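Undergrad:
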Amino acid sequence: MRTESALPSLRFSEYPDHAVVLEVREVERGSRVVETVCPRDWTSAQAEAWLDWADATPHDLPQMTLAPVPADEALNGAISAYASRLMNWGHALGYFSDVPQAYEFQRELTVTLLGGLAAPALSLKDGHRRHPLAGDRLPDAPEPRYAALEDYACTRELQDLLVAARSEEIARSTRDQLHAALSDISAAIARTEGEHRASLQANPALARAALKARRLGASDALIRLAIQSSQNLTEDSALPDWSRQVVHADAPLSGAKIITAARDLIAAGDPSGRLAAQTMLESGRLWIAFDPADAEALDNAFIAPRAAINAWAFQTGNGFDVEGFTACTALWTVALDIETAIAYAATPEADERLRRLRPLGLTVAGLSELLTAKGFVADEGLDVAASLMALLDAQSRLTSAQLARTLGAFEGFAADKDALVSHLSQTLYRLSPLKAADLKAHSLTALQDALRAAKTTGLRNVQTTALFEDADLSLRLGVTLGDTPLARLTGYLETEDGTPVDILHPAVHASLKAGEIDIVRRHLLGARTLHDAPHIHAQALKAKGLSDFEVSHLETALITATRLEDVFSASVLDADFIKDVWGLSDDDLNAPTFNLLSVMGFSDGDIAAAQAYVFGHADLSGCGDLDEATRARLTLANLKTRMALRQRLEAFASAPSVAPVSLDWDQAAPEALKIMAKMAGNGLRAIGLNRRAAPQSLTLDIPEYEEARRPVESPREAPTVQKVIEKIIERERSRQKLPDRRKGYIQKASVGGHKVYIHTGEYEDGALGEIFIDMHKEGAAFRSLMNNFAISVSIGLQYGVPLDEFVDAFVFTRFEPAGPVSGNDSIKSATSILDYIFRELAISYLNRDDLSNADPDALNADGLGQGHGLGQNLGQLQSENEGIAASHLISKGFMRGQPDNLVVVPFAKKKTDDTSGPSSEAQ
1 MRTESALPSL RFSEYPDHAV VLEVREVERG SRVVETVCPR DWTSAQAEAW
51 LDWADATPHD LPQMTLAPVP ADEALNGAIS AYASRLMNWG HALGYFSDVP
101 QAYEFQRELT VTLLGGLAAP ALSLKDGHRR HPLAGDRLPD APEPRYAALE
151 DYACTRELQD LLVAARSEEI ARSTRDQLHA ALSDISAAIA RTEGEHRASL
201 QANPALARAA LKARRLGASD ALIRLAIQSS QNLTEDSALP DWSRQVVHAD
251 APLSGAKIIT AARDLIAAGD PSGRLAAQTM LESGRLWIAF DPADAEALDN
301 AFIAPRAAIN AWAFQTGNGF DVEGFTACTA LWTVALDIET AIAYAATPEA
351 DERLRRLRPL GLTVAGLSEL LTAKGFVADE GLDVAASLMA LLDAQSRLTS
401 AQLARTLGAF EGFAADKDAL VSHLSQTLYR LSPLKAADLK AHSLTALQDA
451 LRAAKTTGLR NVQTTALFED ADLSLRLGVT LGDTPLARLT GYLETEDGTP
501 VDILHPAVHA SLKAGEIDIV RRHLLGARTL HDAPHIHAQA LKAKGLSDFE
551 VSHLETALIT ATRLEDVFSA SVLDADFIKD VWGLSDDDLN APTFNLLSVM
601 GFSDGDIAAA QAYVFGHADL SGCGDLDEAT RARLTLANLK TRMALRQRLE
651 AFASAPSVAP VSLDWDQAAP EALKIMAKMA GNGLRAIGLN RRAAPQSLTL
701 DIPEYEEARR PVESPREAPT VQKVIEKIIE RERSRQKLPD RRKGYIQKAS
751 VGGHKVYIHT GEYEDGALGE IFIDMHKEGA AFRSLMNNFA ISVSIGLQYG
801 VPLDEFVDAF VFTRFEPAGP VSGNDSIKSA TSILDYIFRE LAISYLNRDD
851 LSNADPDALN ADGLGQGHGL GQNLGQLQSE NEGIAASHLI SKGFMRGQPD
901 NLVVVPFAKK KTDDTSGPSS EAQ
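For the sequence shown, counting from 1, position 826 maps to 826 in full-length UniProt numbering; every step adds exactly one.
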């Protein structure tokens, strides 16, 4: 097979801008320090992340492998081993026309990894996999089905998922506590000397630790094993990792649960989404899609092999290297397609889906860095980001079509051909509004070629691009992924001895003018000196008792410190000097709340001002020397901006974003419902939420109550025999008839273009007693059905059935006619006629304003507000002329419950006899 057209023509190994300089680096890995070779511009954290990735990478090879090329020294040969594995499997599966092309693929892949141009996400090291060369026939694909939020069965599934998530959290918390308790057993033995240090009777610390472990569920056999394993330990020895002996799994609930929902339902903040919101926050694995096709694409995105192309690495002084970006995209499309054949899956179902559909998960990285460096803001930045995502998707689609020409399309392409071709055609139309001319031109050409090829030979992959979050991948590349904003405006460099030094983020530095760099650097990084610092400076310190010698020590410590409290401490200043000058003891110095600056007489405000001056600020707020335009450009993106960016990126991605929106740890379901409504209203294709972990310092103040002591019974008294008498009262249910002359109201409205009249009848106290429903110009059968339904509801009300029961039973029922409501000032849309009727009755008679979807300020039908002033005046008149409660004369339903505090005062009294004089009139 020949696939030259699928591989890029650009040779990164010959590209001067991507030359890599390697150096030997010592990296801390847990309790060990290892020596490795890595690119010079990698930080130690990056190098450690790459070493972790190398340890978790599979190393299996086909039976017939090509002769290995000399291994690159980087990461002790791990980078070359990864590229060699893909090359050998690709050669065995027919991806390359000859051996030289296979070796060329390996070299190019290695250069892009070392140069930071691209990186793969972590994959499974083992699991389920059909042998790539066995040729097994895959079973027929089952029809994908996704539960709808409105279904009762979906409610049960969400409840089960919520219970499972809580059980997993309890198990994880218990495991961590048990691990700590078993470690305390080892520590209690290691800290003790003598031949009886492992004796529970002779070592009180060991006994306390063992009792704690037993209360947490550890068996006595496990406790004995912990004691036996720890007898030969010393205090400096490595303690055994008991977590591996207790629970092996340390991952969250596996797999993602995807359901569908109506977009307008979620956008309106419907209460039916409350359970889904709560499940999202607690499990972190529930997703809502608004279209079945998007639900299926989301499902594929979770199992697809992933990689990121670093757009920030392709920016140049004069613009953007489009050719390099597209070549790198084509190279990694081929690499990920090889991964679909050799990757392991978590379940057999995921493995079969991966082999059949061959989904890929390419994403664009470094967007936030690129947009910040170029100074793009608002619409201009969104346009550039969308253009880059469009180019990534178009080039990967073209490469997929070229692979299909020689290796064949994915299984099932023929059945989905029309939908896939239609999707490519729609993407062509979405390119029209883009304004980045160069990026748009390349995207248009690649997408047109992909569309022509797809019509004839098909596509190798059902989807090629995705949006996701991956902290490990982001760390290894050193940039953000997708729509993730810059976490900080500062970065750091490492000195030769490994000491980190804070600097401005390179993207922030590139975006500033010459005069702005010093302003921003001083504001964010601080002065790193006490010279001219507010309140706490050299002169003030000398007045407190310090000499030039101590001040110089403080100035030196400020270079690497992060807090003033860490500098003004016994680790920098001599402890004896501190005790002598301020008369402190060792207990004072070791107290957790000890603060030398406070002891010296500086207030909290003085310390905070000096802290900001010396170490800088977290953001640009308060930087008065910077103009508003620059400050706005560098302000970290908020949720609204991020959703706008995600919406633009999703328009050109093959699948909805699988990156959840994170809420604060203390935000609950109501806040989540609002976020879900915003995401649905902004046109996002799917919704996913999670909640950040609570701070470890969180402690609830839970009072302890002693159980009341039971009185001791006298043994001489005979036990009292209590006789329980149950009295059953049967209350007769009789029908309470309405008065012959009754009040009520008539409401005329239109639901989805169908007119409906509601007539109500009330008891003397204003309680609802009957309803009539009239549908104008409807069929005779439908009108009769509604009339008889109203009669049955009226009979139920007159027999004492609470109106609340009818409301709970019929609101949010769904059937036609439905849609917008006109003629009602409280309800603007309804899901059915019954939904409208019982929401109207609930608002009017039960004060259920939560069922209103109109402006709550417009509910005062009489224009008198709550009637407080009028009620006060009528109360004064009532002292002279006894009034009648307004609820006896005015319809409570028509007035929306407002006349409860009003009375009707008669304007005149008829004279009762001749001596009473003329009739008195009310003033």
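Beta carbons are placed, not taken as given, at the ideal position from N, Cα and C, and that holds for glycine. No experiment lies behind these values; they were computed from the predicted model shown.
Taking 8 Å as the cut-off, does the region 536-554 touch the region 601-618 (at least 3 CB pairs, one atom from each stretch)?
TA: yes
Undergrad: Taking 6 Å as the limit between beta carbons, can you name the residues of its chain near K748, skipping five residues before and five after?
TA: As a first step, residue 748 is located in the sequence shown; it is residue number 748 there, counting from the start. Hits under 6 Å: Y757, G823.
Undergrad: For P8, count neighbouring C-beta atoms within 10 Å of its own C-beta (all shown protein chains included) and say buried if the count is 16 or more, exposed if not.
TA: Here residue 8 refers to the residue found at position 8 when the sequence shown is read from its first residue. Counting Cβ neighbours within 10 Å, P8 comes out buried, since at least 16 surround it.
Undergrad: Given a cut-off of 8 Å, decide if L481 and D470 are closer than it, judged by their beta-carbon atoms.
TA: Counting from 1 along the sequence shown, the entry for residue 470 is found at position 470. Counting from 1 along the sequence shown, the entry for residue 481 is found at position 481. Taking 8 Å as the Cβ cut-off, D470 and L481 qualify as a contacting pair.
Undergrad: Nearest to T70 by alpha carbon, out of P62, M64, L61, S84?
TA: As a position in the sequence shown, residue 70 is number 70, starting the count at 1. Note that residue 70 corresponds to Pro in the displayed sequence, not to Thr. Among P62, M64, L61, S84, the Cα nearest to that of P70 is on S84.
Undergrad: Have a look at I517 and Q611 and give me their C-alpha separation to the nearest angstrom.
TA: One-based indexing of the sequence shown puts residue 517 at position 517. One-based indexing of the sequence shown puts residue 611 at position 611. Roughly 21 Å between the two C-alpha positions.
Undergrad: What three-state label does DSSP hand D502 in the structure shown?
TA: Here residue 502 is taken as the residue at index 502 of the sequence shown, counted from 1. It is a strand residue.
Undergrad: Would you mind giving the Cβ-Cβ distance between S396 and T464, rounded to the nearest angstrom? I have them listed as a contact below 8 Å.
TA: Locating residue 396 in the sequence shown gives position 396, counting from the first residue. Locating residue 464 in the sequence shown gives position 464, counting from the first residue. In this structure S396 touches T464 by the C-beta definition: roughly 4 Å separates them, less than 8 Å.
Undergrad: In this structure, does DSSP put K513 in helix, strand or coil?
TA: As a working mapping, residue 513 is identified with position 513 in the sequence shown. Three-state DSSP puts K513 in coil, outside helix and strand.
Undergrad: On a Cα-Cα basis, can you pick out the residue from R839, D393, G491 that is closest to L447?
TA: Numbered from its first residue, the sequence shown carries residue 447 at position 447. Here the closest residue by C-alpha is D393.
Undergrad: Looking only at its own chain, which residues have a Cβ that is under 7 Å from the Cβ of R197, when we skip the five neighbours before and after it?
TA: In the sequence shown, residue 197 corresponds to position 197, counting from 1. Setting aside the 5 residues that flank it on each side, R197 is surrounded in the same chain by I189, N203, each with a C-beta closer than 7 Å to its C-beta; the list follows chain order.
Undergrad: Between the alpha carbons of F806 and L834, how many angstroms are there, rounded?
TA: As a first step, residue 806 must be located in the sequence shown, where it is residue number 806. As a first step, residue 834 must be located in the sequence shown, where it is residue number 834. Computed Cα separation, rounded: 10 Å.
Undergrad: Where do the ends of the beta strand (DSSP E) carrying G688 lie?
TA: On the sequence shown, position 688 is the one that residue 688 refers to. That run of the beta strand (DSSP E) goes 686-691.
Undergrad: Can you have a look at P348 and say buried or exposed, based on whether 16 or more other CB atoms are within 10 angstroms of its CB?
TA: The sequence position of residue 348 within the sequence shown is 348, counting from 1. Exposed.
Undergrad: If you check the beta carbons only, do A386 and R648 fall under 8 Å apart?
TA: Your numbering for residue 386 matches position 386 in the sequence shown. Your numbering for residue 648 matches position 648 in the sequence shown. Closer than 8 Å, so yes.
Undergrad: Within 8 Å, do at least three Cβ pairs link the region 685-695 to the region 274-287?
TA: yes
Undergrad: Under 8 Å, do A165 and S31 count as touching if we go by C-beta distance?
TA: Mapped onto the sequence shown, residue 165 falls at position 165. Mapped onto the sequence shown, residue 31 falls at position 31. It is not a contact, given that the beta carbons lie outside the stated cut-off.
Undergrad: Using the three-state DSSP reduction, which class does C154 fall into: helix, strand or coil?
TA: Here residue 154 refers to the residue found at position 154 when the sequence shown is read from its first residue. Looking at C154 - three-state DSSP - the assignment turns out to be helix.
Undergrad: With distance defined between alpha-carbon atoms, name the residue in S422, N300, A293 nearest to V658.
TA: For the purposes of this step, residue 658 is identified with residue 658 of the sequence shown, where counting begins at 1. Answer by Cα proximity: N300.
Undergrad: Below 6 Å CB to CB, which residues in the same chain sit around E726 once its five sequence neighbours on both sides are set aside?
TA: Against the sequence shown, residue 726 aligns to sequence position 726. Confidence is the limiting factor: at E726 the pLDDT is only 49, short of 50, which leaves the residue's position unreliable, though a coordinate-based value still follows. No residues qualify anywhere along the chain.
Undergrad: Which first and last residues belong to the alpha helix (DSSP H) in which G605 is found?
TA: Within the sequence shown, the letter at position 605 stands for residue 605. Per DSSP, G605 belongs to the alpha helix (DSSP H) from 604-615.
Undergrad: I'd like the list of long-range same chain contacts for Y344, defined as Cβ closer than 6 Å, with 5 residues on each side in sequence excluded.
TA: One-based indexing of the sequence shown puts residue 344 at position 344. Hits under 6 Å: L124, D126, G127, R129.
Undergrad: Which runs of the beta strand (DSSP E) at least 3 residues long sit entirely within the region 63-133? Give them in chain order.
TA: 118-120
Undergrad: Within 10 Å of its beta-carbon, does T326 have 16 or more other beta-carbons around it, so buried, or fewer, so exposed?
TA: Within the sequence shown, numbered from 1, the residue matching residue 326 stands at position 326. The residue in question, T326, is buried, as its Cβ has 16 or more Cβ neighbours within 10 Å.
Undergrad: How long is the line joining the alpha carbons of D502 and D619, rounded to whole angstroms?
TA: For the purposes of this step, residue 502 is identified with residue 502 of the sequence shown, where counting begins at 1. For the purposes of this step, residue 619 is identified with residue 619 of the sequence shown, where counting begins at 1. Their backbone Cα atoms lie some 14 Å apart in a straight line.
Undergrad: Kindly list the residues whose CB is nearer than 6 Å to the CB of V20, restricted to its own chain and excluding five residues on each side of it in sequence; keep chain order.
TA: As a working note, residue 20 is residue 20 in the sequence shown. Cβ neighbours of V20 beyond the five flanking positions: P39, L114, G115.
Undergrad: Can T110 and L331 be called in contact, C-beta distance under 8 Å?
TA: Walking along the sequence shown from the start, residue 110 turns up at place 110. Walking along the sequence shown from the start, residue 331 turns up at place 331. No, these two residues do not count as a Cβ contact at 8 Å.
Undergrad: Using the Cα positions of A147 and G408, report the straight-line distance between them to the nearest angstrom.
TA: For the purposes of this step, residue 147 is identified with residue 147 of the sequence shown, where counting begins at 1. For the purposes of this step, residue 408 is identified with residue 408 of the sequence shown, where counting begins at 1. Going from the Cα of A147 to the Cα of G408 covers about 33 Å.
Undergrad: Is W312 near G361, with beta carbons less than 8 Å apart?
TA: Looking up residue 312 in the sequence shown gives position 312. Looking up residue 361 in the sequence shown gives position 361. No, Cβ-Cβ distance for W312 and G361 is not below 8 Å.
Undergrad: Taking the Cβ atom as the reference point for each residue, do A527 and V462 lie within a distance shorter than 8 Å?
TA: Within the sequence shown, residue 527 is the residue found at index 527, counting from 1. Within the sequence shown, residue 462 is the residue found at index 462, counting from 1. Taking 8 Å as the Cβ cut-off, A527 and V462 do not qualify as a contacting pair.
Undergrad: Grouping DSSP H, G and I as helix and E and B as strand, with all else coil, what is F772?
TA: For the purposes of this step, residue 772 is taken as residue 772 along the sequence shown, with counting starting at 1. Looking at F772 - three-state DSSP - the assignment turns out to be strand.
Undergrad: Out of G515, E48, E323, which has the shortest C-alpha to C-alpha gap to F12?
TA: Residue mapping note: residue 12 aligns to position 12 of the sequence shown, counting from 1. Comparing Cα positions, the closest option is E323.
Undergrad: Consider the C-beta atom of A341 and the heavy atoms of the ligand FAD; say whether any pair is separated by less than 7 Å.
TA: Summarising the ligand content, the structure contains no ligands, and the ligand FAD is consequently not present.
Undergrad: On the DSSP bridge list, what partners appear for R306?
TA: For the purposes of this step, residue 306 is taken as residue 306 along the sequence shown, with counting starting at 1. Looking at the DSSP assignment, R306 forms a beta bridge with G361.
Undergrad: Using a C-beta cutoff of 8 Å, does N461 count as contacting chain C?
TA: You won't find chain C in this structure, because it holds only one protein chain.
Undergrad: How many angstroms separate the CA atom of S552 from the CA atom of R642?
TA: Position 552 of the sequence shown holds residue 552. Position 642 of the sequence shown holds residue 642. The alpha-carbon atoms of S552 and R642 are separated by roughly 46 Å.
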